[in-house]
Structures are given as structure tokens and as C-alpha cells.
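Just below is one structure, and these are the notes that go with it.
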Amino acid sequence: MKEVLKNYSGILLLLVGITVGSIIGIVAPQIVEYIKPLGDIFLNLLFVSVVPLVFFAVSNSIASLEQESKFGKILLVMSFTFLFFILIAAIFTIGAVYLFPVSSISGSTELITEASKEENWGDRIVSFFTVGEFTELFSRKNMLALLIFAFLTGFAARKSGENGKPFRVFIASGYEVMKELLLMIMKIAPIGLGAYFAYQVATLGPQLFGFYAKPLGLYYVAGIIYFFVFFTLYAFMANGQTGIKSFWKNAILPTLTALSTCSSFATMPTNLVAASKIGIPSSIANLVIPIGTTLHKNGSSMSSIIKIYVAFQIIGRDFFEPSNLLLALGITVFVSIVAGGIPNGGYIGEMLMISVYSLPQEAIPAVIIIGTLVDPLATVLNAVGDIVAAMFVNRFVKV
Numbered sequence: 001m002k003e004v005l006k007n008y009s010g011i012l013l014l015l016v017g018i019t020v021g022s023i024i025g026i027v028a029p030q031i032v033e034y035i036k037p038l039g040d041i042f043l044n045l046l047f048v049s050v051v052p053l054v055f056f057a058v059s060n061s062i063a064s065l066e067q068e069s070k071f072g073k074i075l076l077v078m079s080f081t082f083l084f085f086i087l088i089a090a091i092f093t094i095g096a097v098y099l100f101p102v103s104s105i106s107g108s109t110e111l112i113t114e115a116s117k118e119e120n121w122g123d124r125i126v127s128f129f130t131v132g133e134f135t136e137l138f139s140r141k142n143m144l145a146l147l148i149f150a151f152l153t154g155f156a157a158r159k160s161g162e163n164g165k166p167f168r169v170f171i172a173s174g175y176e177v178m179k180e181l182l183l184m185i186m187k188i189a190p191i192g193l194g195a196y197f198a199y200q201v202a203t204l205g206p207q208l209f210g211f212y213a214k215p216l217g218l219y220y221v222a223g224i225i226y227f228f229v230f231f232t233l234y235a236f237m238a239n240g241q242t243g244i245k246s247f248w249k250n251a252i253l254p255t256l257t258a259l260s261t262c263s264s265f266a267t268m269p270t271n272l273v274a275a276s277k278i279g280i281p282s283s284i285a286n287l288v289i290p291i292g293t294t295l296h297k298n299g300s301s302m303s304s305i306i307k308i309y310v311a312f313q314i315i316g317r318d319f320f321e322p323s324n325l326l327l328a329l330g331i332t333v334f335v336s337i338v339a340g341g342i343p344n345g346g347y348i349g350e351m352l353m354i355s356v357y358s359l360p361q362e363a364i365p366a367v368i369i370i371g372t373l374v375d376p377l378a379t380v381l382n383a384v385g386d387i388v389a390a391m392f393v394n395r396f397v398k399v
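In terms of the working numbering, the sequence shown has 164 at position 164, counting the first letter as 1, and numbering is strictly consecutive.
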């Protein structure tokens with residue numbers, strides 16, 4: 001019994017923190033603003049630690065790969081896995097809205113101002129992939145640019161041969177140091193996540209019973225089914241019955257972290273720990289999970305379909321017309337890549353959807369509200385999906 005408590009003490013403490021936070025958010029919402037700073041402090045510590053971890057993890061993983069062929073194969077299998085999972089999630093959601101249609105709803109015009117800022121699309125695309133200053137790389141707002149820079153740095157370290165050996169030792173050491181730092185920060189997770197969860201329950205909870213109850217209910221039911229059924233199927237495909245057992249045994253902490261923070265980015269440390277316990281080689285996990293945090297989003301794929309469907313219902317257009325469905329799948333893949341691994345990071349994707357479909361202004365509030373309210377489950381599907389993706393890649397690439 002002592003051994004069980006020792007092994008699961010972190011999860012139990014986290015559950016206690018989240019439970020206490022939820023109760024406070026329900027029964028005493030007036031004090032939430034006083035305890036929310038505790039959650040903000042924890043998340044800020046997590047964010048500033050994860051950024052260098054991403055750089056060291058990706059660059060070290062690439063630099064330490066000994067065989068060129070293995071590196072290329074990992075990237076190829078990873079890309080196929082991400083695309084496969086995203087499309088399966090989208091197609092499953094299309095089936096759900098077809099079988100359980102939502103009646104037309106009207107958008108609320110008061111909840112949307114900050115998400116629709118004008119920005120040149122050319123500048124936006126450039127900012128996805130690059131930044132103008134070196135210091136801007138180390139910001140969670142520029143995750144894709146950081147991943148590309150870390151990728152190139154690791155590749156350059158490999159190419160530099162013997163002269164680059166001290167640098168390769170440095171990034172390997174940096175990765176170990178940042179891992180330990182994150183483990184230290186996670187010690188205060190029960191307090192920080194509890195405070196943040198109290199805030200979420202107090203602010204988002206009441207909205208779940210408004211105009212958007214039916215599409216939200218559809219998303220949450222479909223999302224929960226996808227979480228348990230498809231992740232179990234993917235784990236089985238990766239490693240049979242052993243894969244299922246090891247995945248669900250180690251997916252609890254990442255799930256709770258994602259649910260509490262609504263951030264794939266903040267869940268990455270627990271994902272890396274879970275991958276290690278599952279037995280995924282670090283050369284695979286340190287590529288798939290950090291890159292997956294930005295480029296692989298099952299939950300965003302499902303929410304994109306729901307939001308497009310609801311927008312079509314508002315304006316009275318046929319979502320199930322073949323050309324609209326194909327365009328929806330294309331947008332969903334792009335949105336799933338664009339949406340950043342930070343809370344409410346899907347606004348850019350939502351505005352892209354409105355722009356591509358040339359939808360009227362009244363559709364914007366609906367997709368923003370739905371995007372906000374599905375964020376907790378979407379983040380769970382996004383973040384935890386990276387673990388099962390790493391298992392899947394490991395199935396086909398042995399290092």
C-alpha cells in the first residue's frame with residue numbers, strides 16, 4: 001500500500017488540488033480573483049522553463065541521432081502519423097454532426113472584439129515560421145519558429161563533426177538540466193493547477209448552459225468517445241495489449257494537466273515524463289512531443305469541424321455539400337497546425353476559417369464562443385494525443 005501511495009502520490013495530490021479548486025470555483029467564485037495569481041505564477045514558471053526545454057530537447061535529439069536514415073524515417077513517419085490522426089478526428093466529427101444534427105442557433109455579438117484584429121496575411125505567415133530577432137525565438141508565441149531553429153541547430157551540430165562535439169555535449173547537458181528544473185516546478189502543481197481550475201470553473205462553467213449547449217454537448221460526447229476509443233485503438237496498433245496498459249497507466253497526469261491548464265504547451269513536460277515511462281526512446285519522444293505540441297492537434301481538428309458546421313447552420317448553408325466537406329478537411333488540417341500550444345490559441349485558426357469561407361460577420365461570435373468553451377477537452381485531445389503519436393512512431397521506427 002505504501003508503494004502504491006508513493007507511486008501515485010503526485011497524481012493524488014494533483015486530484016486533491018483540482019477538486020478543491022473546482023469546489024471553490026462553484027461555491028465561492030467571489031474569491032477566485034484572489035487565488036488566481038497562484039495559478040498564474042505556476043503557469044509562468046512552467047512556460048519560461050518549457051521554452052528552453054523545447055530548444056534543447058529537439059536540437060539534442062537531432063544532434064544525437066547516429067544514422068542519417070533513422071532521422072529521415074522518424075520525420076516521415078511522424079508527419080504521416082500527425083496527418084492521419086488529424087484527418088481521422090475530423091472525419092469522425094463529420095460523422096457525429098451528420099448523425100446528430102444541431103438546429104440553427106444565433107451568434108451573440110457582444111463577445112468578440114480582441115480576436116478579430118486586422119493583420120496582413122503575408123506577415124502572419126512569415127511570423128509563423130520566422131522571427132526578426134534572436135531573442136524573440138524564446139517566446140511561447142513563436143513556437144513554430146523556435147522548433148525550426150532548434151531543428152536546424154541540431155542538424156548543424158551533427159554536420160560539424162568532431163569540432164561540434166563540445167556543443168553537442170552542451171545541448172545534451174542543457175536538456176538534462178531543464179528536465180530537472182521542470183520536475184522541481186511540478187512539485188507545486190497541485191496548488192497552481194488547483195487555483196487555475198477554480199478560475200476556469202468560476203468563469204466558464206455558467207456559459208455551458210446558454211445558447212451553445214447542444215453543439216458543446218455534441219463536441220464533449222464525441223470528444224470523450226474519441227479519447228477513450230481511438231486512443232486505445234492507436235495504443236493497441238502501436239504495441240498491442242501492452243501498449244494499451246502502458247498508455248493508460250501513464251496518461252493520467254498529462255490528462256489532468258491539460259484539463260487544468262488548457263495548454264498543450266504546459267502539458268509537454270508531463271508528456272515527456274509519460275513517454276519515458278512507457279519506454280519510448282528519447283530520440284523519438286524529444287522530437288515527436290515538442291513538434292506535436294504545435295503541429296498535431298486532434299482536439300483542434302474536431303473543434304474546427306464543429307465550428308464550421310455551426311457557422312453554416314447560422315447562415316443556412318449546406319455543410320454536407322461535397323465541396324464544403326473537402327474544404328473543411330483542408331482548413332481543419334491547416335488550423336490544427338496553426339493553432340499554438342497555448343490557452344485560447346485557436347483564434348487565428350477561427351479567423352482563417354471565416355476568411356476562407358467568406359462567412360458573414362454574425363458567424364464570428366459563435367465560433368469564438370464555441371472555441372473557448374471546448375478548450376479544456378480540446379487541449380486534452382491535443383496534448384495526450386502526442387503521447388500516443390510518439391508510441392505510433394516508435395512502432396515503425398526502431399532506434
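C-beta atoms are modelled at their ideal positions from N, C-alpha and C, and glycine is treated no differently.
- Residue burial annotation: S9 is exposed, with fewer than 16 other C-beta atoms found within 10 angstroms of its C-beta.
- For V48, the uninterrupted alpha helix (DSSP H) run begins and ends at V32 to S64, by DSSP.
- Per DSSP, the unbroken alpha helix (DSSP H) holding F392 starts and ends at D375 to F396.
- Here E133 carries a coil assignment [DSSP, helix/strand/coil].
- Taken atom to atom, the span from the alpha-carbon of V54 to that of F247 is near 23 Å.
- Close CB contacts of N250 within its chain, under the 6 Å cut and outside five residues either way in sequence, are with A274, K277 and I278 (chain order).
- Rounded to whole angstroms, the separation of the alpha carbons of N142 and T135 is 11 Å.
- The residue among M237, T257, N286 and F170 with its C-alpha nearest the C-alpha of L46 is T257.
- Counting along the chain, no alpha helix (DSSP H) covers E162, and no H or E run does either.
- Rounded to the nearest whole angstrom, the CA to CA distance from L43 to P322 is 43 Å.
- Here M184 is exposed. Its C-beta has fewer than 16 other C-beta atoms within 10 Å.
- Taking a contact to require three or more Cβ pairs closer than 8 Å, the region 189-202 and the region 26-33 qualify as touching.
- Here S139 carries a coil assignment [DSSP, helix/strand/coil].
- Put simply, the backbone Cα of A150 is about 6 Å away from that of V58.
- The beta carbon of V51 lies closer than 8 Å to those of F138, S139, R140 and L146 in the same chain, with the five residues before and after it left out.
- In the structure shown, the three-state DSSP call for S276 is helix.
- Nearest to P254 by C-alpha distance, out of L38, V20, A90 and V388, is V388.
- For F231, the uninterrupted alpha helix (DSSP H) segment begins and ends at F231 to N250.
- CA-to-CA, the gap between N271 and P281 works out to about 13 Å.
- For S300, the secondary structure class from DSSP, reduced to helix, strand or coil, is helix.
- H296 and P166 have their alpha carbons spaced roughly 33 Å apart.
- The region 311-331 makes no contact with the region 379-394: fewer than 3 CB pairs, one atom from each, lie closer than 8 Å.
- By the C-beta criterion, the region 77-89 is judged to be in contact with the region 285-295, since at least 3 inter-stretch pairs fall below 8 Å.
- With respect to the C-alpha of L377, the residue from R395, M237, V367 and G299 having the closest C-alpha is G299.
- Around K73, the same chain offers V397 as residues with beta carbons nearer than 7 Å, after the five sequence neighbours per side are excluded.
- If you draw a straight line from the Cα of S49 to the Cα of F265, it comes to about 11 Å.
- With respect to the 8 Å criterion, Y219 and M302 are classified as neighbours on the basis of their beta carbons.
- Around V131, the same chain offers L137, N142 and A145 as residues with beta carbons nearer than 6 Å, after the five sequence neighbours per side are excluded.
- The residue from I18, V16 and A90 with its alpha-carbon nearest to that of N382 is A90.
- Ranking Y196, G243, V333 and I224 by CA distance to the CA of L87 puts V333 first.
- Cα atoms of I41 and L12: separation of roughly 22 Å, rounded to the nearest angstrom.
- Comparing C-alpha distances from L216 to each of V20, S260, V27 and D375 shows the shortest one belongs to D375.
- If you draw a straight line from the Cα of V367 to the Cα of V177, it comes to about 41 Å.
- Rounded to whole angstroms, Y226 and L14 show a C-alpha spacing of 24 Å.
- The same chain holds no residue with a CB closer than 8 Å to that of V169 once the five nearest residues on each side in sequence are set aside.
- Cβ neighbours of M268 within its own chain (closer than 7 Å, five residues either side excluded): V50, I289, P290 and T293.
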